[in-house]
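Novice:
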Amino acid sequence: MKRFAIGLIMGAVALGMGSAQLAEAQIAGPKLALHVTGHATKGRCSTASPNGTNTACSSFVTQGNLLTSYDVYIVIANAPVGGTQGVTFGILYDGAAASGIGVFDWVGCGDLEFPGGGWPESGGGNVVTWATCQMEDIGGEGVQATVGSFYTYAYSNDFYQITRREYVPNPDLQWSSCASGTSDFDQLQTGIAYFGGATGCNPCLIECMPIATEKTTWGGIKNKLSGGE
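In mature numbering (1 follows the signal peptide of the UniProt record, and there is no 0), the protein residues as written are -25 to -1, 1 to 204.
1. Looking at Tyr130 and Ser44, is the spacing between their C-beta atoms short of 9 Å?
2. Would you check if the distance between the CB atom of Phe170 and the CB atom of Gln38 is smaller than 9 Å?
3. Could you tell me which uninterrupted beta strand (DSSP E) segments, each at least 3 residues in length, are contained entirely in the region 151 to 190, listed from first to last along the chain?
4. Between Gln119, Tyr68, Val118, which lies nearest to Tyr128 when the distance is taken from Cα to Cα?
5. Between Asp147 and Phe64, what straight-line distance do the alpha-carbon atoms span, to the nearest angstrom?
6. For Val82, tell me which candidate among Tyr142, His14, Ala54 has the shortest Cα-Cα distance.
7. Take every Cβ of the region 30 to 37, pair it with every Cβ of the region 96 to 105, and state whether three or more of those distances are shorter than 8 Å.
8. My parser needs the beta strand (DSSP E) runs of 3 or more residues fully inside the region 97 to 127; what are they?
9. Terminal residues of the continuous beta strand (DSSP E) containing Tyr135?
10. Do you know whose CA, among Cys183, Pro55, Leu7, Gly77, lies nearest Val118's CA?
11. Quick one: measure Cβ to Cβ for Lys6 and Ala52, integer angstroms, because I've assumed they're closer than 8 Å.
12. Over the uninterrupted beta strand (DSSP E) stretch that includes Lys6, give me the two end residues.
13. When you compare only the Cα positions, how much space is there between Asp159 and Gly77?
14. What are the partner residues of Glu88, as DSSP defines its beta bridges?
15. Tell me, please, which residues DSSP counts as bridged to Leu67.
16. Does DSSP put Ser33 in a helix, a strand or coil?
17. Distance, Cα to Cα, Phe79 vs Phe125?
18. Under the three-state reduction of DSSP, which class applies to Trp94: helix, strand or coil?
19. Locate the beta strand (DSSP E) running through Val143, then write down its first and last residues.
20. Going by the beta-carbon positions, is the gap between Cys108 and Gly58 smaller than 9 Å?
21. Applying the criterion that 16 or more other CB atoms from any shown protein chain within 10 Å of the CB defines a buried residue, is Ala3 buried or exposed?
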C-alpha cells in the first residue's frame, strides 16, 4: 500500500503564464528539481550531467516517453551564492516489476551517501553530502549541484516525485548550505518527472503544488492521475 501521492502541475499551466507571472509563482530559495535526459553510458556526474552540459534549471525537461531509456537527474538548483553541501530527500514511483518506472541503477554524485528505506526503491530516501562546498552558478540562476541520477525505463504511465524521507521517525526534506546550516525544503520547491504523455513540474518555473494525500493502492493513484475516479 502506498500511503501518499503528490499531484502533478501540468506544463500547460506554465505555458499560459508570462515570465513576470512565473517569477511571482516561484518560491524564493533553492529547489530540488528533476531533469530527464537520454541515457549516458559514462560521465553521468561530469560531462553528461546538467552541470556538465551547462543546462540551467529553467531549461530542465520533466517529461519522457514510454519504452525508452533515460537518466533522471536530481539537482539542487537556485541555491544562494554561499553554496550547498548536502541534501536529504525521499523518492516515490511505482516500484512493481515491469510496471510504471523501472530503475536499473542509481549513480550518486556526492562524496558521501547514507541511503535507507530500500533506496533506490520507491519509498526509500538518501542523504547526499559533498566534502567541499558546491558553488557552480549555471546560467546566472544561482548555484546548481548535481545530486545523482536514476537509470530509468518507463513500462507504463508513471512519475517520479521527490518527497520527504517518510521511513524515519521525523520525516525530512532538507538542504544544507555551506554557511548557515540545514533548512527545510517546502514541497512546492521540489520537482516531478512524468512518463507517458503528461508533463511533470519544474519548481524553477512554477510551484509544484501537492494535492491531498490518502492511503490507497498504486493502481488507484495512477487512475486518479489519468483522470479516473
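The beta carbon of each residue, even a glycine, is placed where N, CA and C say it ideally should be.
Specialist: On the basis of the data shown:
1. Along the sequence shown, one-based indexing puts residue 44 at 69. Along the sequence shown, one-based indexing puts residue 130 at 155. Not closer than 9 Å, so no.
2. The sequence position of residue 170 within the sequence shown is 195, counting from 1. The sequence position of residue 38 within the sequence shown is 63, counting from 1. Between Phe170 and Gln38, the C-beta gap is smaller than 9 Å, which places the two residues in contact.
3. Within the region 151 to 190, the complete beta strand (DSSP E) runs of at least 3 residues are 157 to 159, 167 to 170.
4. As a first step, residue 128 must be located in the sequence shown, where it is residue number 153. Here the closest residue by C-alpha is Tyr68.
5. As a first step, residue 147 is located in the sequence shown; it is residue number 172 there, counting from the start. As a first step, residue 64 is located in the sequence shown; it is residue number 89 there, counting from the start. Take the alpha-carbon of Asp147 and the one of Phe64: they are about 7 Å apart.
6. Walking along the sequence shown from the start, residue 82 turns up at place 107. Looking at the Cα atoms, His14 is the closest of the given residues.
7. Counting Cβ pairs under 8 Å, fewer than three are found: no touch.
8. Qualifying beta strand (DSSP E) stretches, in chain order: 100 to 109.
9. Taking the sequence shown and counting its residues from 1, one reaches residue 135 at position 160. Note, Tyr135: beta strand (DSSP E), 133 to 138.
10. The residue labelled residue 118 in the question sits at position 143 within the sequence shown. Distance check between Val118 and each of Cys183, Pro55, Leu7, Gly77 places Pro55 closest, using alpha-carbon atoms only.
11. Position 31 of the sequence shown, counted from the first residue, corresponds to residue 6. Position 77 of the sequence shown, counted from the first residue, corresponds to residue 52. With a Cβ gap of about 5 Å, Lys6 and Ala52 count as contacting.
12. Locating residue 6 in the sequence shown gives position 31, where the first residue counts as 1. Following the DSSP letters along the chain, one finds Lys6 inside the beta strand (DSSP E) bounded by residues 6 to 13.
13. The count along the sequence shown starts at 1 and reaches residue 159 at position 184. The count along the sequence shown starts at 1 and reaches residue 77 at position 102. Rounded to the nearest whole angstrom, the C-alpha separation of Asp159 and Gly77 is 29 Å.
14. Position 113 of the sequence shown holds residue 88. Partner residues in the beta bridge of Glu88, as assigned by DSSP, are Val103.
15. Residue numbering aside, residue 67 sits at position 92 when the sequence shown is read from its first letter. According to DSSP, which records beta bridges pairwise, Leu67 is partnered with Gln136.
16. Against the sequence shown, residue 33 aligns to sequence position 58. Correct three-state label for Ser33: helix.
17. Position 104 of the sequence shown, counted from the first residue, corresponds to residue 79. Position 150 of the sequence shown, counted from the first residue, corresponds to residue 125. The straight-line gap from Cα to Cα measures roughly 7 Å.
18. What you label residue 94 is simply residue 119 of the sequence shown in a count that begins at 1. Here DSSP, grouped into helix, strand and coil, assigns Trp94 to coil.
19. The residue you call residue 143 lines up with position 168 of the sequence shown. From DSSP, Val143 is part of no beta strand (DSSP E); its letter is neither H nor E.
20. Start at 1 with the first residue of the sequence shown, and residue 108 comes out as number 133. Start at 1 with the first residue of the sequence shown, and residue 58 comes out as number 83. Yes, they are a contact pair.
21. Taking the first residue of the sequence shown as 1, we reach residue 3 at position 28. Under this definition Ala3 is an exposed residue.
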